[in-house]
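K.L.:
Numbering (the UniProt record's numbering), first residue to last: 1 to 346.
#1: Tell me residue 131's beta-bridge partners as DSSP assigns them.
#2: Assign residue 122 to buried or exposed, taking buried as 16 or more other Cβ atoms, counted over all protein chains shown, within 10 Å of its Cβ.
#3: Does the contact criterion of 3 or more C-beta pairs under 8 Å hold for the region 228-247 versus the region 195-208?
#4: Can you tell me which residues form a DSSP beta bridge with residue 158?
#5: Going by alpha carbons, who is nearest to residue 71 out of 44, 188 and 91?
#6: Between which two residues does the alpha helix (DSSP H) containing residue 279 stretch?
#7: Would you check if the region 89-100 and the region 260-273 touch, i.e. whether three or more CB-CB distances between them fall below 8 Å?
#8: Over what stretch of residues does the alpha helix (DSSP H) that includes residue 202 continue unbroken?
#9: Identify, in the order they occur along the chain, each residue of the same chain with its Cβ nearer than 7 Å to the Cβ of residue 89, setting aside the five sequence neighbours on each side.
#10: Under a Cβ-count criterion, where at least 16 other Cβ atoms within 10 Å of its own Cβ denotes burial, should residue 207 be classed as buried or exposed?
#11: To which residues does DSSP link residue 62 through a beta bridge?
#12: Assign residue 210 to one of three DSSP states: helix, strand, or coil.
#13: Go ahead and pull the three-state DSSP assignment for residue 43.
#14: For residue 210 and residue 68, I'd like the C-alpha separation in whole angstroms.
#15: Under the three-state reduction of DSSP, which class applies to residue 273: helix, strand or coil?
#16: Are the CB atoms of residue 135 and residue 185 nearer to each other than 7 Å?
#17: What are the boundary residues of the alpha helix (DSSP H) that includes residue 144?
#18: Report the rounded CA-to-CA distance for residue 156 versus residue 51, giving the unit in angstroms.
#19: Using a Cβ-Cβ cutoff of less than 8 Å, which residues in the same chain neighbour residue 406 once the five nearest sequence positions on both sides are dropped?
#20: On the CB-based measure, 16 or more other CB atoms within 10 Å of its CB, does residue 164 come out buried or exposed?
#21: Using the Cα positions of residue 118 and residue 285, report the straight-line distance between them to the nearest angstrom.
#22: Check each candidate in 180, 182, 181 and 175 and name the one with the smallest Cα separation from residue 190.
#23: Distance check for residue 130 and residue 154, CA to CA, integer angstroms please.
#24: What would DSSP say about residue 188, mapped onto helix, strand or coil?
#25: Counting along the chain, where does the beta strand (DSSP E) carrying residue 223 start and finish?
#26: Report the rounded CA-to-CA distance for residue 304 versus residue 61, giving the unit in angstroms.
#27: Which residue wins for smallest C-alpha separation from residue 283, given the options 231, 259, 168 and 275?
#28: Taking the CB atoms as reference points, tell me whether residue 151 and residue 223 lie closer together than 7 Å.
#29: Alpha carbons only, please: which of 172, 137 and 257 is nearest the one belonging to residue 278?
#30: Using the C-alpha atoms, what's the distance from residue 249 back to residue 196?
#31: Can you tell me whether DSSP reads residue 183 as helix, strand or coil?
#32: Whole angstroms is fine: what's the gap from residue 109's alpha carbon to residue 120's?
#33: In chain order, what residues of the same chain lie with their CB nearer than 8 Å to the CB of residue 238, ignoring the 5 residues before and after it?
#34: Comparing C-alpha positions only, which one of 257, 280 and 54 sits nearest to residue 148?
#35: Is residue 262 helix, strand or coil by DSSP?
#36: I need the straight-line Cα distance from residue 324 to residue 220, nearest angstrom please.
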């Protein structure tokens, strides 16, 4: 999660959670309980792509379409997958990308500048056209936003993944999908995978009407846009989930600010929803990234360094601020496990 100056009024870089099973995490290693080491799965090299086109999406957002021969074999088997993107830094035409070492960890070329690394949910992949869409915010608050604002056809970047994904519950009587701006790309991909006759309640919290976008909703779906204005991000969404009338057998998917996610999860459990039918994703954290109007994924750099970067004082001096964020993230994981009655950290 990123660190920015406080502005509690909201998000908007579409992203994805810092999923530790993602494509920059260490590959499988020793078996649980100290058993024999498991074979490490081979990770494909990051795919070098180019910008095909940039199209406006909302007041301050664009859809960046990527393409290139390296997309051959790429697939998104489930909705709500996420990818890592590698962006060039100043003075580079193409970003530095890692190779995977024999231990499954990323290794960057010595003496090369590290890329900007961020996490996004692909909005669309067309294997026939060889095109991949990601939605990005235009702003000067972070390097990914600045890159998006100046992106032109032919610009270079790289991706790794996909990771994560959402298994749509089969047999659910109804679906609740609740998200802020950061979760809307994933939410849209879930809508596309639901049966046409499925009952769906969509609650979408955004800053204002300028951030509305078309969603692929079926006739049986109800979409409510929530304008938070200057309110703390996530509050209005949590209140709306609490007020929603949901039939028995509802499956819920929620993606927004981390503390709001925990609050909503508790509300859903308290309303009688089955734990196994609730999927929650904290895409950013208030206080670490005080609003969703910023880039996400600084924690990804911590992942890289923990996986294949330096050791000792060099790592501490480079990642001091990020390590505190990692501890905060661990506390959030423990809190979520307590919510599920599965806190193994005690």
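We put the beta carbon where it would ideally sit given N, CA and C, even for glycine. Being a predicted model, the structure only gives us computed values, none of them experimental.
P.N.:
The answer reads as follows:
#1: 67 and 126
#2: buried
#3: yes
#4: 48 and 86
#5: 44
#6: Premise fails: residue 279 lies in the beta strand (DSSP E), 278-284, not in any alpha helix (DSSP H).
#7: no
#8: Unbroken run through residue 202 is the beta strand (DSSP E), 200-206; no alpha helix (DSSP H).
#9: 113, 115 and 116
#10: buried
#11: 56 and 136
#12: helix
#13: coil
#14: 32 Å
#15: coil
#16: yes
#17: 143-150
#18: 7 Å
#19: With the chain represented from 1 up to 346, any question about residue 406 goes unanswered, as that position is not in the structure.
#20: buried
#21: 15 Å
#22: 175
#23: 15 Å
#24: helix
#25: 221-227
#26: Only weak support exists for where residue 304 lies, its pLDDT of 31 falling under 50; the value from the coordinates is given anyway. Distance between the alpha carbons of residue 304 and residue 61: 28 Å.
#27: 259
#28: no
#29: 172
#30: 18 Å
#31: helix
#32: 24 Å
#33: 260, 263, 264 and 267
#34: 54
#35: helix
#36: Reliability of the predicted coordinates at residue 324 is poor, the pLDDT of 48 falling under 50, and the value obtained from them is presented with this limitation in mind. Answer to the nearest angstrom: the Cα atoms are 45 Å apart.
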